[in-house]
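The numbering of the sequence shown is this note's numbering, which starts it at 21 and goes up by one.
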Amino acid sequence: MIKNIKYMLSNWIAWDKKSLVFFFIRVPALVLQPIVTAYIPKAMIDCINDGVTTERLILVIALLSLLLTLTIWMDPFMSELIRGGARIVRMRYAVIAFRKNLKTDYVNIESLEKREIQKRAEDFYGGRWSGGASFIDTCSQFCVCIVGVITSSLLIYKVDFFMILLILATCIAQFALLKIINKKIRENLDSRSKFRTKFDYFYKMSKNTDACKDIRLYSLSDYFIKALSGSLYQLEKIIAKYTHQSAAFDAVTAALNLIREAVAYVYLVYLVTKGRLSVSEFIFYFGIITGFSNWVVNLVFSYSQIERCCNECAAYRNYIDGEDTADKGCEFKEKDIKSIKFTDVAFKYPSAEEETLKNINLEFHGGENIAIVGENGAGKTTLIKLLCGLYSPTGGEITVNGTNTAEISKESYFDLFSAIFQDYYFLPMTVAENLAAEMNYDKEKLYSALEKADIADKINTLENKENSMMDKEVYKNAVDFSGGEKQKLLLAKAIYKNAPVLILDEPTAALDPIAENELYLKYNELTKDKLSFFISHRLSSTRFCDRILFVSNGQIAEEGTHEELMARKGAYYKMYQLQSYYYKEQEVAENA
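Listed below in structure tokens is the structure:
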């Protein structure tokens, strides 16, 4: 808890020093407010009993009222200034989390467990009353309560020490109850993250334009509503449970307050009847005791809120401080790839029981064209993600030109690859910015890439050419490219980057047969002097590659040229024969 308090305080001081000034102004103002309120009637009665002049009475009341007004005005004014700083601090925490989301290891993005941790971290900065935003305001209240308790104790001590013990006893009981409630809150928040992750997923999918086609065509609306309602129901159960616990706590607190106030009132009346207190002192001390009681209750509550902030901060730091391989390693300065070697490489997904890839031993050389084929789920995509650094091996090592990739920074390693994956996204930027991945691009180089990808003619027909905006969800006048055109744009993006290693994951999936054949004819030209990898489920498209890897059950089952693998009549041969039969049957049906 102390570490998290230091963490939040140091950040607040670094990001918004002005809040500390407002903090120290607010504390005495709030402490004085109930004391002055209790003292005004005492001062009036004393002045009347002492027979002071009307002018003197008015002056005393006016000065005290002015002081009270000043303290009342200070509270909301300073509070709003502190909250203004809180908005700055909350956005800072959000930006740090956003950077973490973009920099964290790719496997964390795919892991449900890590996504739940990320969702739990959002509680620290995700709202106006989140722990990161309310921490200073809560600390201010805590300090006000401490000063108020000390000040009130000194005044009450003059009456009877018994009153302090009574109030403290009831407040200790409240503190014990708050500790129990806070434990329940932590448990609720932890369990809530799981259902929030599911709820957010279904809610986002219901607005996703790509998913909406399947949802409507296959009548999945009822399923989505049921799934979303189920997650919402679980969330409501958790909130309802917390609400019932809080209601029970409030009921006990109200009972303790009633007992405390009743005993204090009866005891003060007793002191007045015994002549130990005057009427004015009775009014004053009753106000002070009430104030003391409120200070102690609020002190307990403020402590519980600081504890909540610390719990949320701990969850946030657990995510932010999580170690990533992206943060490690040195710059890889070599621009030419002579070899990439897999030595006893294995990979196991987090929480998985078995390894997806096991005992992979491969070596690739610059200028080679490699095809990676196999059945769905065999491990082709996992192998490629290991190759380009999105995953790190859980066993063995991968070396580039003899250097272990674990010793190379991710940012430097990513520079070695141009990749086209099946799942792709274009950002709400211009065509040029999407392809060049930068604001200042080389126009001549860009159009050269567009020409090689056979998409330049399409771009030249656009009103704003390469400066046309993309993503219709953001810009209503954005260009809407077809699936094949998007595939060509992705190819142009890879060509523009001109990295020494080219990865094409089903690059012809959205192309018609003619366009597919044209791309194959260009393939040798596009991959000249590069180490290239071609992932496909169409075995007929791999014949031009120097080497074919057939992946099965997480291992390299067969390796060789197309002719060599066909001659062996193994798994590759059987799959090729099945696909050839399918294409022949399809051709006969079309000609019939």
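We put the beta carbon where it would ideally sit given N, CA and C, even for glycine.
Cβ neighbour criterion (16 or more within 10 Å) applied to residue i
i      : result
Arg119 : exposed
Glu610 : Model confidence at Glu610 stands at a pLDDT of 44, short of 50, so the residue's coordinates are unreliable; what they give is reported in the following sentence. Counting Cβ neighbours within 10 Å, Glu610 comes out exposed, since fewer than 16 surround it.
Ser39  : buried
Arg107 : exposed
Val494 : exposed
Gln597 : exposed
Ser241 : exposed
Ser266 : exposed
Leu96  : The residue you asked about is not Leu; residue 96 is Pro in the sequence shown. Answer is exposed; the Cβ neighbour count stays below 16.
Glu133 : exposed
Euclidean distance between Cα positions of residue i and residue j
i      : j      : result
Ile129 : Asp143 : 18 Å
Val80  : Ser298 : 20 Å
Glu431 : Leu410 : 11 Å
Lys517 : Asp549 : 15 Å
Tyr223 : Leu248 : 7 Å
Cys330 : Gly151 : 7 Å
Ala452 : Glu584 : 43 Å
Arg212 : Phe441 : 34 Å
Tyr27  : Cys350 : 29 Å
Val167 : Val51  : 7 Å
Leu455 : Gly503 : 16 Å
Asp477 : Ile523 : 25 Å
Met449 : Lys513 : 14 Å
Leu84  : Val41  : 25 Å
Ala591 : Leu569 : 11 Å
Trp149 : Ser324 : 14 Å
Ile258 : Ile201 : 14 Å
Helix, strand or coil at residue i [DSSP, three-state]
i      : result
Cys350 : strand
Ser412 : coil
Gln606 : Interpretation of Gln606 is limited by its pLDDT of 45, a score under 50 that renders its predicted location unreliable; no figure is taken from the coordinates.
Ala612 : Below a pLDDT of 50, predicted positions are generally treated as unreliable, and Ala612, at 46, falls in that range; the measurement from the model is reported next regardless. Ala612 falls in the coil class under three-state DSSP.
Val494 : coil
Glu383 : strand
Asn396 : coil
Asp70  : helix
Ser572 : strand
Gly422 : coil
Asn389 : strand
Thr450 : strand
Met489 : strand
Phe367 : strand
Ile475 : coil
Thr428 : One point to set straight first is that residue 428 is Ile, not Thr, in the sequence displayed. Strand, per DSSP.
Arg567 : strand
Ile245 : helix
Proximity winner among the options, relative to residue i (alpha-carbon distances)
i      : options                        : result
Ile55  : Tyr253, Ser412, Ile303, Lys203 : Ile303
Tyr433 : Leu248, Asn424, Leu510         : Asn424
Phe384 : Ile404, Ala284, Ile60, Arg280  : Ile404
Ala275 : Glu301, Val317, Leu255         : Val317
Arg615 : Asn573, Phe554, Lys496         : Given a span of 21 to 612 for the chain in the structure shown, any question on residue 615 remains unanswerable.
Lys261 : Lys203, Leu88, Thr481, Asp66   : Lys203
Leu406 : Phe367, Thr481, Ile45          : Phe367
Ala469 : Ile428, Glu486, Thr481, Met225 : Glu486
Val272 : Lys513, Asn379, Ile192         : Ile192
Ser572 : Asp443, Ile392, Ala476, Leu546 : Ile392
Leu252 : Thr190, Glu471, Asp220         : Asp220
Asn69  : Ala153, Ile137, Glu301, Ser226 : Glu301
Thr57  : Cys163, Leu510, Leu87          : Leu87
Glu417 : Ile360, Glu483, Cys67          : Ile360
Glu354 : Leu436, Ile60, Ile515, Asn484  : Leu436
Lys218 : Arg135, Asp66, Tyr113, Asp364  : Arg135
Leu382 : Ile308, Met94, Glu579, Ala587  : Glu579
Val115 : Tyr145, Val127, Lys139         : Tyr145
CB contact flag (residue i, residue j, <7 Å)
i      : j      : result
Ser556 : Glu526 : yes
Ile357 : Gly387 : no
Ala335 : Ala141 : yes
Ser172 : Phe321 : no
Thr91  : Ala49  : yes
Lys508 : Asp500 : no
Gln254 : Phe215 : yes
Val47  : Val164 : yes
Ser412 : Ala519 : no
Tyr444 : Leu510 : yes
Asp125 : Asp344 : yes
Ile309 : Ala284 : yes
Proximity test, residue i beta-carbon vs the ligand FAD heavy atom, cut-off 6 Å
i      : result
Ser468 : Summarising the ligand content, the structure contains no ligands, and the ligand FAD is consequently not present.
Within-7 Å CB hit, residue i to chain D
i      : result
Phe384 : Included in the structure is just one protein chain, with no chain D present.
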